[in-house]
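Asker: This note's numbering puts the sequence shown at residues 984 to 1335. We put the beta carbon where it would ideally sit given N, CA and C, even for glycine. Predicted model only: the values in this text are computed from it and were never measured. First the structure, then my questions, so here it is.
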Amino acid sequence: MSNFQPPSTVIAKKATLIDVARHAGVSPATVSNAINRRRYVETSTRLRIEAAIAKLDYIPNLHARRLRTGKANTIALLSSMPFAVSSGPSKLGFMMEVAITAAMAALEKKLALILVPPQSLSVENLEVDGALVIEPRINDPFLGGLRRRNLPVVSIGRPPGLEEDVPYIDMQSERITALLLAHLTTCGAQDIALFIGNTGRSAYQETEQYYQRYAAMRGMIPRIYHLDEIDGENAGYQAAITLHRDYPQVNGVLILVDTFAVGAVRAFDQLKVSIPGDMRIATRYDGIRVRETWPGLTAVNLHLDVVAKLVIEQLFALMSGQVLHQPCLSPNAELVIRRSTHPDALATSTNT
């Protein structure tokens, strides 16, 4: 019978806050103050504590810290816009462009920024101190959940029906629509259709309202197509097929969502409808899709880096208890002219 015994497995004991305090020669309260930065700790003492943390490989219990301080040191960026629209194949869509600037600002405040997928319609279990919501729709599930929890929240775009309750950045959708429609008309489009989403976001509402007025002013029959955001490019493709079948005389389309616009270009190409000879197309967001599509799509520079700075500054102010003055206007957009409206265009820019 063998007397061999396998070596025992030694599980290292995790260092505790008390261990760090003992090693640094200070009280546990001082260690806590140094970690959480709630009170001033002398530099020499802080350095001893940091050295002890490194030597003992101490990992703070974040859940316990949240229970103790009531803070998660985290903010969230949310959009109920389907992934096919807000990011999609390029992974560099509207949401990602906002996220880059917001993340940098959050890091400067020693906060983490998390991105919440559009499919995650429940925010009840999010451990965050505040949130940014991108262009909420009517009865937006994210916005509703955040407000039920009384969390500080700021919206990029007017929150439909909640303008008096939720601080927001006014994206000036009506002004942008006026800019794009005037440009399409200048480029020779006499009969202009409109493709927008069907979720009642403020950008859709304001665009449709101005388009109706513009059509009436010019004696133009309004042709409005409400597309399902979930269908992404295919929604724009199918709408363009239907438009050309039913109204072949239409020679201009304002397509508010860049994803829809890319699908429409594909449809017109298959139908042998030349762009911009027979059809002029303009869209709103000047993202990577519109630049990589052929022909390149005339769009609008929304200055999302500036918008992101504005909205996160508002969120930080709200989180600190300040009262915000509303609304806050986004910077004036710039028209970026490409070949979808002008055959000789080389991505020139025009201020509103």
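What span of residues does the beta strand (DSSP E) with residue 1240 cover, start to end?
Answerer: Taking the sequence shown and counting its residues from 1, one reaches residue 1240 at position 257. Element bounds for residue 1240: n/a, residue is neither H nor E.
Asker: Could you give the uninterrupted runs of the beta strand (DSSP E) lying entirely in the stretch 1066-1152, keeping only those of 3 residues or more?
Answerer: Runs of the beta strand (DSSP E) inside the stretch 1066-1152: 1095-1099, 1113-1117 and 1136-1139.
Asker: What are the boundary residues of the alpha helix (DSSP H) that includes residue 1030?
Answerer: In the sequence shown, residue 1030 corresponds to position 47, counting from 1. Per DSSP, residue 1030 belongs to the alpha helix (DSSP H) from 1026-1039.
Asker: CB residue 1190 to CB residue 1169, shorter than 8 Å?
Answerer: On the sequence shown, residue 1190 is found 207 positions in, with the first residue counted as 1. On the sequence shown, residue 1169 is found 186 positions in, with the first residue counted as 1. In this structure, residue 1169 does not lie closer than 8 Å to residue 1190 by Cβ.
Asker: Could you tell me which residues DSSP puts in a beta bridge with residue 1178?
Answerer: Position 195 of the sequence shown holds residue 1178. 1208 and 1238, per the DSSP bridge assignment.
Asker: Name the residue from 1150, 1135, 1134 and 1133 whose alpha carbon lies nearest to the alpha carbon of residue 1141.
Answerer: What you label residue 1141 is simply residue 158 of the sequence shown in a count that begins at 1. For the residues 1150, 1135, 1134 and 1133, the minimum Cα distance to residue 1141 belongs to 1150.
Asker: Roughly how many whole angstroms lie between the Cα atoms of residue 1248 and residue 1036?
Answerer: One-based indexing of the sequence shown puts residue 1248 at position 265. One-based indexing of the sequence shown puts residue 1036 at position 53. One C-alpha to the other measures close to 58 Å.
Asker: Among all the DSSP beta bridges, which residues are the ones paired with residue 1283?
Answerer: Walking along the sequence shown from the start, residue 1283 turns up at place 300. Paired residues: 1268 and 1318.
Asker: Need the endpoints of the alpha helix (DSSP H) that residue 1222 sits in, please.
Answerer: Walking along the sequence shown from the start, residue 1222 turns up at place 239. Taken as a continuous stretch (DSSP letters only), the alpha helix (DSSP H) holding residue 1222 covers 1216-1229.
Asker: Between the stretch 1197-1210 and the stretch 1174-1189, do three or more beta carbon pairs fall short of 8 Å?
Answerer: Yes: at least three Cβ pairs fall under 8 Å.
Asker: For residue 1293, does the three-state DSSP call read helix, strand or coil?
Answerer: Taking the first residue of the sequence shown as 1, we reach residue 1293 at position 310. DSSP places residue 1293 in helix when its eight states are reduced to three.
Asker: With a 10 Å radius around its C-beta and 16 neighbouring C-beta atoms as the bar for buried, classify residue 1308 as buried or exposed.
Answerer: The residue given as residue 1308 occupies position 325 in the sequence shown. By the 10 Å Cβ count, residue 1308 comes out exposed.
Asker: What does a CB cutoff of less than 8 Å around residue 1065 pick up in its chain, not counting 5 residues either side in sequence?
Answerer: For the purposes of this step, residue 1065 is identified with residue 82 of the sequence shown, where counting begins at 1. Excluding sequence neighbours, residue 1065 sits near 1101, 1212, 1213 and 1215.
Asker: Short of 8 Å in beta carbon distance, which residues of its chain neighbour residue 1260, apart from the five on each side in sequence? Order them along the chain.
Answerer: Within the sequence shown, the letter at position 277 stands for residue 1260. Contacts found: 1326.
Asker: Does the beta-carbon of residue 1137 have 16 or more other beta-carbons within 10 angstroms, so that it is buried, or is it exposed?
Answerer: Here residue 1137 refers to the residue found at position 154 of the sequence shown. Buried: at least 16 other Cβ atoms inside 10 Å.
Asker: Counting along the chain, where does the alpha helix (DSSP H) carrying residue 998 start and finish?
Answerer: Taking the sequence shown and counting its residues from 1, one reaches residue 998 at position 15. No alpha helix (DSSP H) contains residue 998, which DSSP labels as neither H nor E.
Asker: For a test of the three-state rule: what should DSSP assign to residue 1184, helix, strand or coil?
Answerer: Taking the first residue of the sequence shown as position 1, residue 1184 is located at position 201. Looking at residue 1184 - three-state DSSP - the assignment turns out to be coil, as it is neither helix nor strand.
Asker: Can you list, in chain order, the residues of its chain with a C-beta nearer than 8 Å to that of residue 1111? Leave out the 5 residues immediately preceding and following it.
Answerer: Indexing the sequence shown from 1 puts residue 1111 at position 128. Excluding residues within five positions, the ones whose Cβ falls inside 8 Å are 1055, 1057, 1058, 1059, 1097 and 1134.
Asker: Do you know how far the Cα of residue 1063 is from the Cα of residue 1016?
Answerer: Position 33 of the sequence shown, counting from 1, holds the residue named residue 1016. Position 80 of the sequence shown, counting from 1, holds the residue named residue 1063. Distance between the alpha carbons of residue 1016 and residue 1063 is about 39 Å.
Asker: Is it right to say residue 1316 is buried, meaning 16 or more other beta carbons lie within 10 angstroms of its own, or is it exposed?
Answerer: For the purposes of this step, residue 1316 is identified with residue 333 of the sequence shown, where counting begins at 1. When all chains shown are included, residue 1316 counts as buried.
Asker: Starting from residue 1263, follow its DSSP beta bridges and name the residues at the other end.
Answerer: Translated into positions along the sequence shown, residue 1263 becomes position 280. Answer is 1235.
Asker: Could you check how far apart the C-beta atoms of residue 1153 and residue 1313 are, in whole angstroms? I think they sit under 8 Å.
Answerer: Sequence index remark: in the sequence shown, residue 1153 carries index 170 (1-based). Sequence index remark: in the sequence shown, residue 1313 carries index 330 (1-based). The pair is a contact, with the Cβ atoms about 6 Å apart (cut-off 8 Å).
Asker: Reducing DSSP to helix, strand and coil, say where residue 1058 ends up.
Answerer: As a working mapping, residue 1058 is identified with position 75 in the sequence shown. Strand.
Asker: Let me confirm a value: residue 1234 is counted as buried when at least 16 other C-beta atoms fall within 10 Å, else exposed. Which label applies?
Answerer: Reading the sequence shown from its first residue, position 251 is the one you call residue 1234. Per the 10 Å Cβ criterion, buried.
Asker: Select from 1042, 1246 and 1180 the residue whose C-alpha is nearest the C-alpha of residue 1002.
Answerer: Indexing the sequence shown from 1 puts residue 1002 at position 19. Nearest C-alpha to residue 1002: 1042.
Asker: Is there contact between the stretch 1075-1095 and the stretch 1285-1293, where contact requires at least three CB pairs shorter than 8 Å?
Answerer: The stretch 1075-1095 vs the stretch 1285-1293: in contact.
Asker: Enumerate in chain order the residues of its own chain whose CB-to-CB distance from residue 1039 is below 7 Å, with the five nearest sequence positions on each side excluded.
Answerer: By 1-based counting over the sequence shown, the position of residue 1039 is 56. Only 998, 1002, 1003 and 1006 meet the Cβ criterion.
Asker: Quickly, what does DSSP pair residue 1312 with across the bridge? List them, please.
Answerer: By one-based count along the sequence shown, residue 1312 stands at place 329. 1153, per the DSSP bridge assignment.
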